[in-house]
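Reviewing the structure listed below.
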Amino acid sequence: MSPQLIAFIVLVVVNFMLIVGMVFLERKDPKSCIAWALSFLVLPFVSWFIYIMVGKGPKFSKRRWSKRKQLADKKLEQRLKNGDFNFYEGSNNENSQIVKLNYYYGGSPCQSNNEVEFFIDAHEMYDRQLEDIKNATESINVMYYLFKSDAAGKTLRDALIEKAKQGVKVNVVYDSSGNLKTNLYFFRDLIKAGGKVHPFFPSIFKLINSNFCYRNHRKIVVIDGKIGYIGGMNIGVDYLSQDKRIKPWRDTHLRIVGESVCMLQTRFIKDFTCSSKRAIIDDDITPFFDTNKYFPDPIKTGFSPIQIISSGPDTTKQEIKYCYQKIISESKKEVYLETPYFIPDDSFLDTILMAQAAGVQVYLVIPKVWDKKIVYHVTISYLEKLLEAGVKVYKYPGFIHSKMCVGDEIAASIGTANLDIRSFALNFEVNAVLYSPKEIIKAKDIIKADISISEEYTLEMFKKRSKWSKFWEAILRLFAPLM
């Protein structure tokens with residue numbers, strides 16, 4: 101046989117094996133199977149590599165993750181039973197449905213004794229967080245998707261080093277693929293001081309990583325088990341609007357004191373123990389739950405019910421997307437959405453369109469200044485149906501990195517998950533769902549303030565796009581799930 105025939109036979113056999121594996125072993129949905137099968141035929145070698153890297157899902161020890169989750173959940177259940185917690189089931193039919201949904205899918209109880217502080221400026225959040233860190237006496241747990249090695253990153257790192265030298269337990273998790281310029285060498289003095297630092301899904305070569313597309317996008321800081329931070333802000337000078345290309349930068353972050361901090365702590369512990377390459381055994385997790393360093397009795401504060409919900413590629417469910425959809429579908433008057441990237445899947449887009457068709461006015465705020473031009477074109481391509489349906493779309497005069505979903509006065513979700521397929525299915529995310537009318541109105545007022553200085557993007561503007569823009573939007577939209 102000629103070399104060409106041999107190559108052709110190999111091509112056919114490999115394609116056949118991959119397709120059989122997708123259909124019968126991995127049980128991918130039909131649309132995904134067809135898309136991959138076509139890519140194997142059109143670009144066989146390139147698509148094989150991409151499929152091996154990202155198509156088969158994240159590569160990790162499922163046994164280890166399962167063991168970690170079971171142990172942590174068991175310890176948490178014991179802690180909640182033994183602690184003095186107040187659980188909230190909802191004040192009306194609408195938000196009680198959201199509470200039940202989040203508990204059913206995410207296993208997160210809604211705890212009512214909390215105090216919430218909002219931050220819309222990174223300078224204020226960084227200063228407040230540093231103050232809390234400097235006052236820490238027992239433990240500091242830090243997890244950021246981006247922990248940049250710039251001035252902002254060095255300031256936080258140095259504060260952690262100082263506390264580690266004082267005997268405070270310091271633990272850090274950062275995403276390996278997201279931090280291409282940050283590595284363990286940056287944290288060497290913290291490690292020498294006794295701190296523990298784990299990159300999430302590490303690889304010797306960061307760009308050649310089978311888990312490169314699966315990012316730990318969570319941002320959690322827990323101090324002494326009593327104070328928690330969660331939201332959209334990472335650590336870097338660009339969040340301080342010091343990047344001339346992307347400014348002003350607008351984000352939303354929360355400081356929580358009260359019962360719900362234990363759920364942030366649990367989320368951190370799960371990710372921290374998982375990011376270790378060691379097999380997870382009871383002795384790895386028990387010290388976290390059996391000491392007041394990490395789970396002290398909660399501070400009694402005001403009434404502000406909060407649920408902490410997580411999602412990621414380690415589960416077949418999309419908990420945060422379901423929560424967003426439930427908030428939208430339960431709203432009767434208005435829904436406010438704010439996101440840097442709007443790349444929804446069909447079901448999420450339909451949820452918005454159905455709400456608008458039912459008489460609920462939906463408002464969407466996106467950036468006018470973009471950090472990723474490619475994502476901008478894809479986002480714009482998804483606006484046509486919204487604009488035709490009557491959704492009000494606004495472009496913020498800067499880069500809006502805030503991730504918020506507010507429905508009437510029933511619930512507000514604030515956290516790390518964008519309104520895109522990546523956050524719904526590929527990233528590890530965490531959000532706080534607020535049920536106090538006072539906090540919901542505060543979240544809504546923040547978005548309204550953004551709208552007041554934003555430019556409305558109309559259907560007429562959409563139709564005036566250049567042919568070149570339309571062409572690129574059509575091409576780039578094919579890769580929407582990976583953006």
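Basically the working numbering = 1-based index in the sequence shown + 100.
All C-beta atoms, glycine included, are put in the ideal place defined by N, C-alpha and C.
DSSP places Val462 inside the beta strand (DSSP E), whose first and last residues are 461-467. In this model, Glu509 and Pro497 are separated by some 27 Å (Cα to Cα).
If you ignore the 5 residues before and after Lys538, its C-beta comes within less than 8 Å of the C-beta of Ser404, all in its own chain and listed in chain order. The shortest CA-to-CA distance from Ser341 to any of Gly267, Ile220, Thr451, Thr255 is the one to Ile220. Of the other Cβ atoms in all chains shown, 16 or more fall within 10 Å of the Cβ of Arg257; this residue is therefore buried.
It is roughly 7 Å from the alpha-carbon of Val465 to the alpha-carbon of Ile551. Approximately 24 Å separates the beta-carbon atoms of Phe528 and Gly358; this is outside 8 Å, ruling out the contact. DSSP places Pro537 in the uninterrupted alpha helix (DSSP H) bounded by 537-552. Contact check between the stretch 313-326 and the stretch 520-534: three or more CB pairs, one atom from each, fall below 8 Å, which counts as touching.
By the C-beta criterion, the stretch 213-229 is judged to be in contact with the stretch 346-353, since at least 3 inter-stretch pairs fall below 8 Å. Straight-line measurement puts the Cα of Lys542 at about 28 Å from the Cα of Asp397.
With at least 16 other beta carbons inside 10 angstroms of its own, Ala264 counts as buried.
The three-state secondary structure of Trp572, taken from DSSP, is helix.
CA-to-CA, the gap between Arg367 and Lys472 works out to about 29 Å.
Looking at the backbone, the Cα of Pro348 and that of Ile106 are separated by about 58 Å. Membership of Val361 in the alpha helix (DSSP H) is indicated by the continuous run 361-375.
Counting the other Cβ atoms within 10 Å of the Cβ of Tyr441 gives 16 or more, which makes it buried. If you draw a straight line from the Cα of Glu231 to the Cα of Phe287, it is about 21 Å long.
In terms of Cα proximity to Lys296, the closest of Trp572, Lys468, Gly206, Ile369 is Ile369.
When the five nearest sequence neighbours on each side are left out, the beta carbons in the same chain lying within less than 8 Å of the beta carbon of Gly325 are those of Glu238, Ser239, Val361, Cys362, Gln365, Asn392, Lys393, Tyr394, Phe395, Pro396, in order along the chain.
Ala252 is classed as buried because its beta carbon has at least 16 other beta carbons within 10 Å across all chains shown.
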